[in-house]
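Protein chains in written order, with the numbering used here: chain S, 2 to 485; chain W, 6 to 180.
Think of the CB as a built atom: it goes at the ideal place given N, C-alpha and C, for glycine as much as any other residue.
Computed from a prediction, not measured in an experiment: that's the story for all the values here.
Below: one structure, written as structure tokens.
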């Protein structure tokens with residue numbers, strides 16, 4: 002039967018200027034298909050690549066949206082009925098990638114069904130994820146959950162930068178690695194695990210230390226960078242490279258019971274340097290190796306980083322740009338700080354002074370601190386664990402001083418030693434005799450080197466440092482001594 | 006993130022007239038909505054194949070439910086009402102305007118996916134609550150790209166930032 006289709010203004014250029022086109026049809030679907038058969042160029046504006054009506058195309062039958070009618074497009078029509086194509090108008094800012102030309106296989110559609118069923122992701126969003134390239138810096142505490150969730154979510158290409166091997170002490174939180182992986186390269190271990198989680202993805206391993214001379218080249222191949230690094234030089238390097246390359250930097254950091262997350266994206270908000278212009282003096286902020294970290298904490302923070310990365314790729318929701326999320330695991334509290342772009346930021350401000358990558362080790366004072374320590378170690382008289390063991394066994398009178406903290410003492414200590422934590426040492430010098438032979442130790446021989454220097458300055462002439470600390474004792478003398 | 010780049014087909018350029026008062030009304034509307042996006046209709050007359058003149062701007066509600074700071078949506082009922090209003094006034098719906106809070110006045114891939122042909126899309130960049138620049142775009146027939154539409158003869162309409170006024174001043178396109 003003959004019915005009228007009312008064509009909206011934007012499509013009239015394809016209907017020879019007509020606002021009404023009459024077609025013969027039994028139902029709405031047939032009417033539309035006759036219309037597009039007659040005026041073929043209309044088709045691509047009404048239907049997406051999947052053959053379904055585009056989301057912003059509304060079909061009304063006599064002023065009733067067919068979406069709300071029984072049987073929808075199969076709704077029958079009577080003579081004199083009027084079908085009206087009504088546009089919705091939509092758009093907006095997007096940081097999203099284009100979904101482009103990729104297709105999903107039936108297997109992938111099954112795998113990502115719980116994504117695809119949500120309109121905020123959908124088939125288009127899943128294709129966008131498949132096209133995305135994400136680089137995760139560090140296959141450690143944060144990189145483990147972040148890369149696992151990104152792989153599971155179907156991010157098409159995941160790059161990972163790391164040069165370490167899996168250590169036994171990593172397993173408490175770095176859940177991408179297993180006990181059988183101890184001693185393997187972290188990249189090999191991560192590759193196996195990620196491809197087991199999702200064999201559809203492409204894994205790109207970068208077995209290098211990220212440095213000023215390779216960072217731009219590596220980061221430039223990716224759309225989003227996830228910073229899971231554990232030190233200041235790398236953090237500033239990743240930030241600066243992201244600003245220079247115009248890439249979003251999904252930042253996370255963890256220490257003991259506290260975590261931070263943000264998205265630094267200089268195109269749309271502040272960068273890491275707007276927040277922290279300069280790194281703290283070396284040694285002031287202890288690393289996780291020294292200070293410890295709760296095992297589940299990186300799981301929470303790394304998963305948040307994966308969450309933000311997926312949102313950036315999809316261009317959905319409110320990204321954490323310009324906001325710093327603080328998490329306190331002990332009190333179980335999230336706090337949020339608003340971050341402002343610093344107009345005087347040396348890299349993303351109005352008059353930037355940094356135009357290329359710099360020497361980040363020097364910037365963070367690491368090289369200086371290391372050479373100080375090496376010089377100190379050269380000057381400080383020391384003894385090896387083996388020699389110490391031999392002399393103690395021979396019954397020589399040696400006073401053993403442990404300058405670690407009491408909770409470290411509880412893990413392990415040398416027989417016959419006395420605990421005088423480093424911070425209390427200056428006040429307790431009167432407990433020691435300046436003429437007796439003293440060997441000072443800590444975990445790895447750094448704190449004790451400073452302690453020996455302090456003793457020397459106070460006139461103790463026979464103070465020695467246990468080189469390599471209690472760790473070397475465990476390695477060379479007594480393997481039953483726990484390492485931490 | 007990928008950006009829209011490159012404008013093909015420099016041949017036939019569409020031109021649109023939009024006077025100072027109308028632009029000021031658009032600016033006022035989008036500034037009031039900041040930091041959310043907002044939108045409205047452009048009613049006017051078609052003068053020959055490639056020339057349009059805006060006669061009236063109609064602020065519309067952004068009915069996007071979830072993300073109004075980065076998305077706008079004008080529902081079919083509002084579109085239908087706008088078309089009827091235009092018809093009653095002897096005008097046509099020439100297109101729509103919307104704001105990009107703290108983002109360039111360039112169509113995003115999301116804009117392109119959702120665009121209709123023929124309509125002129127005016128995008129106003131609003132930075133920290135202030136309208137800064139307006140540009141106008143039209144979807145290409147193959148849906149692959151947007152072509153710039155000249156507004157008062159210019160591709161970029163810089164917006165003056167005096168307190169009360171939201172006038173316009175043409176600037177030449179960047180080299």
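For the beta strand (DSSP E) containing residue i, name the first residue and the last one.
i                      : result
residue 81 of chain W  : No beta strand (DSSP E) holds residue 81 of chain W; the alpha helix (DSSP H) holding it covers 81-93.
residue 328 of chain S : 324-329
residue 465 of chain S : 464-467
residue 486 of chain S : Any property of residue 486 of chain S remains undetermined from this structure, which presents chain S solely from 2 to 485.
residue 442 of chain S : 439-442
residue 144 of chain S : Premise fails: residue 144 of chain S lies in the alpha helix (DSSP H), 144-154, not in any beta strand (DSSP E).
Cβ-heavy atom distance between residue i and the ligand ZN below 7 Å?
i                     : result
residue 90 of chain W : Only the bare structure without any ligand can be found here, which leaves the ligand ZN out of the picture.
In terms of residue numbering, what span does the alpha helix (DSSP H) encompassing residue i cover?
i                      : result
residue 21 of chain S  : It is not in any alpha helix (DSSP H) - residue 21 of chain S instead sits in the beta strand (DSSP E) that spans 21-25.
residue 118 of chain W : 114-118
residue 114 of chain S : 114-117
residue 356 of chain S : No alpha helix (DSSP H) holds residue 356 of chain S; DSSP gives it neither H nor E.
residue 132 of chain W : Unbroken run through residue 132 of chain W is the beta strand (DSSP E), 125-132; no alpha helix (DSSP H).
residue 103 of chain W : No alpha helix (DSSP H) holds residue 103 of chain W; the beta strand (DSSP E) holding it covers 97-106.
residue 243 of chain S : 233-246
residue 290 of chain S : 289-292
residue 211 of chain S : Run containing residue 211 of chain S: none; DSSP gives neither H nor E here.
residue 189 of chain S : 187-198
residue 161 of chain W : Here residue 161 of chain W belongs to no alpha helix (DSSP H); instead the beta strand (DSSP E) covers 161-164.
residue 428 of chain S : Residue 428 of chain S -> no alpha helix (DSSP H), and no H or E assigned at all.
residue 124 of chain S : 123-132
residue 458 of chain S : 448-458
residue 402 of chain S : No alpha helix (DSSP H) holds residue 402 of chain S; the beta strand (DSSP E) holding it covers 400-403.
Please report how far the alpha carbon of residue i lies from the alpha carbon of residue j, in whole angstroms.
i                      : j                      : result
residue 465 of chain S : residue 403 of chain S : 12 Å
residue 199 of chain S : residue 298 of chain S : 24 Å
residue 40 of chain S  : residue 340 of chain S : 53 Å
residue 477 of chain S : residue 222 of chain S : 45 Å
residue 31 of chain S  : residue 82 of chain S  : 14 Å
residue 28 of chain S  : residue 145 of chain W : 31 Å
residue 104 of chain S : residue 127 of chain S : 10 Å
residue 66 of chain W  : residue 82 of chain W  : 11 Å
residue 5 of chain S   : residue 16 of chain S  : 13 Å
residue 492 of chain S : residue 88 of chain W  : As shown, chain S starts at 2 and ends at 485. That puts residue 492 of chain S outside it, with no answer to give.
residue 384 of chain S : residue 458 of chain S : 19 Å
residue 418 of chain S : residue 444 of chain S : 14 Å
residue 45 of chain S  : residue 351 of chain S : 44 Å
residue 19 of chain W  : residue 193 of chain S : 56 Å
residue 295 of chain S : residue 256 of chain S : 8 Å
residue 277 of chain S : residue 318 of chain S : 27 Å
residue 394 of chain S : residue 475 of chain S : 16 Å
residue 226 of chain S : residue 316 of chain S : 15 Å
residue 270 of chain S : residue 207 of chain S : 29 Å
residue 179 of chain W : residue 48 of chain S  : In this prediction, residue 179 of chain W has a pLDDT of 36, which is less than 50 and means its spatial position is unreliable; nothing more can be read from the coordinates.
residue 279 of chain S : residue 366 of chain S : 11 Å
residue 59 of chain S  : residue 124 of chain W : 17 Å
residue 185 of chain S : residue 170 of chain S : 14 Å
residue 332 of chain S : residue 306 of chain S : 21 Å
residue 137 of chain W : residue 14 of chain S  : 33 Å
Report back the beta-carbon spacing between residue i and residue j to the nearest angstrom; my notes put them in contact at under 8 Å.
i                      : j                      : result
residue 48 of chain W  : residue 35 of chain W  : Going by Cβ atoms, the distance from residue 48 of chain W to residue 35 of chain W rounds to 18 Å, so no, they are not a contact pair.
residue 273 of chain S : residue 324 of chain S : Not a contact, Cβ separation roughly 14 Å.
residue 191 of chain S : residue 148 of chain S : 7 Å
residue 313 of chain S : residue 264 of chain S : 7 Å
residue 401 of chain S : residue 426 of chain S : Incorrect: roughly 14 Å between the Cβ atoms, too far for contact.
residue 145 of chain S : residue 176 of chain S : 5 Å
Based on the DSSP secondary-structure assignment, which residues constitute the bridge partners of residue i?
i                      : result
residue 62 of chain S  : S:65 and S:84
residue 21 of chain W  : W:57 and W:156
residue 138 of chain S : S:162 and S:228
residue 142 of chain W : W:126 and W:153
residue 44 of chain W  : W:65 and W:103
residue 250 of chain S : S:226 and S:265
residue 257 of chain S : S:294
residue 31 of chain W  : Bridge partners of residue 31 of chain W: none, in fact.
residue 28 of chain S  : S:77
Would residue i count as contacting chain B if we go by Cβ distances under 8 Å?
i                      : result
residue 319 of chain S : You won't find chain B in this structure, because its protein chains are S and W.
Selection of the segment 126-157 of chain W by Cβ proximity to chain S, strictly under 9 Å: 126, 128, 144, 146, 147 and 148
Interface positions of the segment 31-57 of chain W facing chain S (Cβ-Cβ less than 8 Å), listed along the chain: 42 and 44
For the segment 97-110 of chain W, which residues have a CB atom closer than 8 Å to at least one CB atom of chain S, in sequence order? 97, 98, 101, 103, 105, 106, 107 and 108
Pull out every residue of the segment 66-85 of chain W whose Cβ sits closer than 8 Å to any Cβ of chain S, in chain order. 69, 71, 72, 74, 75, 76, 77, 78, 79, 80, 81, 84 and 85
Name, going along the chain, the residues of the segment 251-276 of chain S whose beta-carbon falls closer than 7 Å to a beta-carbon of chain W. 269
For the segment 151-176 of chain S, which residues have a CB atom closer than 8 Å to at least one CB atom of chain W, in sequence order? none
Can you list, in chain order, the residues of the segment 16-49 of chain S whose Cβ is nearer than 8 Å to any Cβ on chain W? 42, 45 and 46
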